[in-house]
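Colleague: To start, I am sharing the structure in question, which I have written as structure tokens.
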Amino acid sequence: MESTKEKNDNYKDDLLLRMGLNDNKAGMEGLDKDKINKIIMEATKGSRFYGNELKKEKQVNQRIENMMQQKAQITSQQLRKAQLQVDKFAMELEQSRDLNNTIVHIDMDAFYAAVEMRDNPELKDKPIAVGTRSMLSTSNYHARRFGVRAAMPGFIAKRLCPQLIIVPPNFDKYRAVSQEVKEILADYDPNFMAMSLDEAYLNITKHLQERENWPEDKRKYFIKTGSSLENDKPGKEVNKLSEHEGSISPLLFEDSPPDLQLPRNPFQVNFEEQNNPQILQSSVVFGTSAEEVVKEIRFRIEQKTTLTASAGIAPNTMLAKVCSDKNKPNGQYQILPNRQAVMDFIKDLPIRKVSGIGKVTEKMLKALGIITCTELYQQRALLSLLFSETSWHHFLHISLGLGSTHLARDGERKSMSVERTFSEISKAEEQYSLCQELCSELAQDLQKEGLKGRTVTIKLKNVNFEVKTRASTVSSVISTAEEIFAIAKELLRTEIDADLPHPLRLRLMGVRVSSFPSEEGRKQQQRSIIGFLRAGSQSLSAARCALERAGKGQCPNPLEVSQKKSFFDKKRSERRWNHQDTFKCETVDKQSLQASQSFQVLKKKMSENLETSENSDNCQMSACPVCFREQGIISLEAFNKHVDACLDGPSISENSKMSSCSRAPSTEVNKKENVQPSFLLCEKQDYETHQNMEITSVDCVELVETVGNPSKAEGVDALSDKHSKEECCSLPSRPFNVERCHQDSCTGSLENEDVESLRRQEALQPYLREVEADQALVCPVCNLEQKTWDLTLFNVHVDVCLNRGVIQELRRDQVNPVNQPKESTRSAGTSGRVQKTLTKTKRPGLMTKHSASKKIKPSNPRHTLDTFFK
DNA sequence: GCGGATCAC
DNA sequence: TATGGTGATCCGC
């Protein structure tokens with residue numbers, strides 16, 4: 000989103016971190032800084048938000064204090080050694096300095112606000128902001144004089160500037176304008192890197208070389224009013240200017256910084272048809288230098304969109320970015336590609352201006368007396384002792400004016416998430432319902448990009464603005480709403496349970512999926528799916544595939560059906576009608592129950608169909624699970640298309656025989672002697688309305704201590720019976736043996752060690768990869784047969800079972816009333832998980848660290864910590 | 001892998 | 001009355 004990075008800092012940074020600098024400008028419209036801060040403070044003080052800000056500030060101060068203590072312990076000898084080491088590294092960096100690229104950073108001025116002003120002349124000359132009452136995305140320069148900025152809540156902005164007009168954002172429009180700009184940028188660097196709708200980096204090195212020999216008319220653009228030609232190619236008329244305001248942009252031609260006045264060279268301008276005021280045409284020729292190229296780019300952007308951009312030109316991205324800020328708005332700045340120019344520019348540059356140095360890093364460095372890049376360089380030895388390698392390397396790069404000289408291609412996406420803020424929600428059933436809705440949304444988004452991941456993370460923010468995340472990773476990739484919710488729900492449940500009997504008072508909830516397989520991994524998976532299809536177990540796989548697709552749109556998916564009226568709509572109507580008490584959860588629950596049931600019916604039907612087809616002897620390759628017509632060996636895509644068509648057809652069961660569930664009748668559940676107490680998992684009475692939201696068999700697990708507690712064991716049986724009735728399938732307690740389950744039909748029981756080894760397995764592999772035609776899916780942990788035959792769901796279930804087992808184990812250990820002071824909102828990270836791997840580092844980061852050990856690690860084998868300190 | 005933090009936009 | 005959403009990365013466990 001738009002520029003918080005104008006680095007004028009959040010209004011609240013001023014509030015909390017300001018060190019008393021004032022730049023009041025008397026005589027100007029707007030407010031002076033003191034007045035602004037006073038108003039903000041009045042609006043803020045006493046709020047929960049402010050309370051949390053203070054808390055966070057204290058934490059930062061603590062970090063600083065720790066850092067200062069470490070600093071105090073550093074001996075001058077250590078410092079001298081560090082100096083040598085760092086300087087060696089600095090020398091290497093210096094030698095690798097590359098000034099041969101010309102990098103441009105383009106930044107649209109107050110983009111969203113500018114678009115709104117362009118399209119609504121009434122907003123001209125008025126202070127406006129784009130956003131909502133709760134949060135602003137950007138403001139125009141007029142509003143900024145009142146202290147109205149991006150990332151400020153609208154209601155505070157209104158207090159600063161009562162006449163402020165808040166325009167709701169229109170992202171489709173901004174995207175369209177952004178696209179127009181990108182088309183221009185592509186002419187100069189087809190591989191340009193867009194950072195957001197209003198910001199991009201270009202490497203114009205190649206363009207400059209080519210341009211060197213361009214004839215003048217290739218660099219000539221017509222300025223024109225009164226026409227509507229669309230072409231803005233060189234030598235052609237540029238886009239009309241009159242559409243919005245009827246004149247050439249006053250900014251570019253009147254208010255621009257001197258270096259930008261166009262036409263700047265009278266000899267380059269041809270006035271044509273000067274006598275016709277309607278069709279005033281002139282042309283301008285741009286030179287071949289980088290500066291001229293960027294002027295041309297900004298000129299074309301303005302001609303095409305009537306919006307202005309600022310730009311920076313420098314030998315690397317770090318500098319280019321800082322430059323684009325220098326003459327904003329509607330200006331540009333260049334750092335010439337020689338070392339001296341770079342160092343002159345860097346000299347007094349406040350580090351906060353550099354991308355990646357945020358307010359916390361700024362504050363920490365300030366505590367060390369570092370504000371400018373020069374100071375950053377001077378303190379390099381100290382920094383190498385106080386910060387992580389990644390961090391001090393980054394600092395050194397900055398202080399030498401170094402940065403990326405090539406634009407990295409966009410890597411693969413690493414995560415996808417949805418989150419929402421709302422007015423307080425404390426009822427568990429509403430929280431589950433909301434969670435379900437978020438999962439559904441996320442699943443749709445994932446589907447759009449064809450992504451599947453292995454980790455689900457939920458994010459919770461309570462009404463005091465305290466944020467918590469809880470994650471769980473399973474062994475096989477997941478992507479459907481059901482699969483995600485199966486995991487998210489367990490995570491949520493753990494948090495809710497942890498605070499009982501107090502409710503979680505939430506103001507935000509989010510769900511994220513990550514751990515996507517690499518490109519390579521996906522290809523492999525794809526191959527194996529096809530292989531699997533061809534190998535003969537195709538019906539199950541195809542049916543699952545079809546079911547997955549069915550769940551994603553064409554069929555009554557409970558998540559989507561219940562979504563017809565979204566949770567937020569409901570909350571809204573609840574608020575609106577709260578006096579009449581019209582809103583009842585039952586409405587929701589009935590809805591989703593109905594939907595859930597219909598979905599179960601469909602699933603069951605398909606399951607039955609499957610069995611029917613598998614029971615027939617001549618089970619062919621690639622038979623459609625819906626119509627059961629043989630599809631031959633066709634591509635997966637074609638196959639899926641066919642299944643989709645079938646599912647879209649008049650009736651699913653039309654072509655298929657119905658048959659009743661043919662599972663073996665229920666036997667006794669979980670004979671006690673076979674069950675290890677710690678890992679006996681079975682269904683339990685859920686939170687009140689949970690059963691109404693239940694959609695898959697996965698969400699049934701909860702650890703119950705059974706040994707020596709027969710009443711609970713009975714409860715298990717009772718519930719199982721209920722379960723059986725509902726599903727018309729029994730739940731035989733089939734013993735399960737992981738090692739042999741692929742060979743035999745799962746005999747033997749899971750010992751404690753088995754569970755542990757199961758957990759310890761480097762299980763990137765699902766527990767089950769394929770299923771025999773008549774193999775029941777029995778969870779090796781809870782020993783319950785799963786209602787699903789969806790392999791992924793089954794594997795998710797097993798993971799959830801295992802995770803819950805471990806969590807419960809830990810919790811049991813911790814339930815020591817003496818040692819466990821009960822804190823209402825915080826359940827300090829007790830999500831005990833099995834952990835091993837370490838993370839890889841990719842981009843240079845900026846995080847600071849304060850533990851004393853191994854501050855200097857060798858980036859170069861010659862400079863090891865050992866040799867350094869010996 | 002997890003969770004808290006920081007940062008950018 | 002009232003302070004956003006998405007994605008990435010890093011650090012210490």
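Letter by letter, the first sequence follows residues 0 to 869 in numbering that gives the first Met the number 0. Yeah, the Cβ is synthetic: ideal placement off N, Cα and C, and Gly gets one too. Owing to the predicted nature of the structure, the values given are computational and were not obtained by experimental measurement.
(1) Can you say whether Lys-57 is buried or exposed, counting buried as having 16 or more other CB atoms within 10 angstroms of its CB?
(2) Using C-beta distances below 7 Å, list every residue in its chain close to Glu-440, excluding the 5 sequence neighbours before and after it, in chain order.
(3) With respect to the alpha helix (DSSP H) encompassing Lys-172, which residues constitute its N-terminal and C-terminal limits?
(4) Have a look at Gly-153, Pro-336 and Ile-350 and flag the residue whose alpha-carbon is nearest the alpha-carbon of Ser-288.
(5) Tell me whether Ser-281 sits in a helix, a strand or coil according to DSSP, three-state version.
(6) I'd like to confirm the pairing. Which residues does DSSP put opposite Lys-157 in its beta bridges?
(7) Among Val-777, Trp-391, Leu-490 and Ile-105, which residue has its Cα nearest to the Cα of Ala-81?
(8) Rank Lys-157, Leu-135, Phe-154 and Arg-158 by C-alpha distance to the C-alpha of Arg-148 and give the top, closest one.
(9) Quick one: is Phe-154 buried, meaning 16 or more other Cβ sit within 10 Å of its Cβ, or exposed?
(10) List the DSSP bridge partners of Ser-138.
(11) Suppose the cutoff is 7 Å on Cβ atoms and the five residues either side in sequence are ignored; what does the same chain contact list for Arg-408 look like?
(12) Compute the distance between the beta-carbons of Ala-193 and Lys-205, then report whether it is under 8 Å.
(13) Could you give the distance in angstroms between the alpha-carbon of Glu-215 and the alpha-carbon of Val-284?
(14) Just confirm the distance between the C-beta atoms of Ile-424 and Gly-509, as a whole number of angstroms; I'd bet it's less than 8 Å.
(15) Within the region 281 to 366, note down every full alpha helix (DSSP H) run reaching 4 residues or more, in order along the chain.
(16) Do Phe-145 and Leu-159 come within 8 Å of each other at the CB atom, strictly closer than that value?
(17) So Thr-456 is in the beta strand (DSSP E); what residue range does that whole segment cover?
(18) Rounded to the nearest angstrom, what separates Leu-381 and Leu-83 at their Cα positions?
(19) Suppose you measure from the CA of Arg-132 to the CA of Asn-463; what does that come to, to the nearest Å?
(20) If you run the structure through DSSP and keep just helix, strand and coil, what is Gln-82?
(21) Nearest-angstrom Cα distance between Lys-172 and Arg-453?
(22) Label Lys-488 either buried or exposed according to how many other C-beta atoms from any shown protein chain fall within 10 Å of its C-beta, with 16 as the threshold for buried.
(23) May I have the straight-line CA-CA distance separating Gln-280 from Phe-221, to the nearest angstrom?
(24) Under the DSSP definition of a beta bridge, which residues are partnered with Asp-108?
(25) Provide the residue span of the alpha helix (DSSP H) that contains Leu-505, from first to last.
(26) Among Pro-168, Ser-383, Ala-109 and Arg-218, whose alpha-carbon lies nearest the alpha-carbon of Asp-197?
(27) Does the beta-carbon of Gly-45 have 16 or more other beta-carbons within 10 angstroms, so that it is buried, or is it exposed?
(28) If we count the other Cβ atoms within 10 Å of its Cβ and call it buried at 16 or more, is Ile-694 buried or exposed?
(29) Output yes or no for whether 8 Å exceeds the beta carbon distance between Leu-503 and Glu-494.
(30) Between the C-alpha atoms of Ser-475 and Ser-517, what's the straight-line distance to the nearest angstrom?
(31) Since I believe Ile-483 is in contact with Ala-442 (beta carbons under 8 Å), could you give me their beta-carbon distance rounded to a whole number of angstroms?
(32) Since Leu-201 is in the alpha helix (DSSP H), which residue starts that stretch and which ends it?
(33) Between which two residues does the beta strand (DSSP E) containing Ser-942 stretch?
(34) By a C-beta neighbour count over all protein chains shown, 10 Å radius and 16 as the cutoff for buried, is Asp-188 buried or exposed?
(35) Between which residues of its own chain and Gly-29 is the CB-CB distance below 7 Å, once the five residues before and five after are set aside?
(36) If the criterion is Cβ atoms closer than 8 Å, does the pair Ala-308 and Ile-105 meet it?
Modeller: From the atom records:
(1) exposed
(2) Val-417
(3) 170 to 185
(4) Pro-336
(5) strand
(6) Beta-bridge pairing links Lys-157 to no other residue.
(7) Trp-391
(8) Leu-135
(9) exposed
(10) Ala-128
(11) none
(12) no
(13) 7 Å
(14) Not quite, the Cβ-Cβ distance comes to about 13 Å (not below 8 Å), so this is no contact.
(15) 289 to 304, 316 to 325, 338 to 346 and 358 to 366
(16) yes
(17) 452 to 461
(18) 12 Å
(19) 20 Å
(20) helix
(21) 35 Å
(22) buried
(23) 7 Å
(24) Bridge partners of Asp-108: none, in fact.
(25) Here Leu-505 belongs to no alpha helix (DSSP H); instead the beta strand (DSSP E) covers 505 to 513.
(26) Ala-109
(27) exposed
(28) Residue placement at Ile-694 cannot be trusted, given a pLDDT of 29 that sits under 50; the coordinates are not used to answer.
(29) yes
(30) 14 Å
(31) 6 Å
(32) Leu-201 -> not in any alpha helix (DSSP H); beta strand (DSSP E) instead, spanning 198 to 202.
(33) Absent from the structure is residue 942, since the part of the chain shown begins at 0 and ends at 869.
(34) buried
(35) Arg-144 and Phe-145
(36) yes
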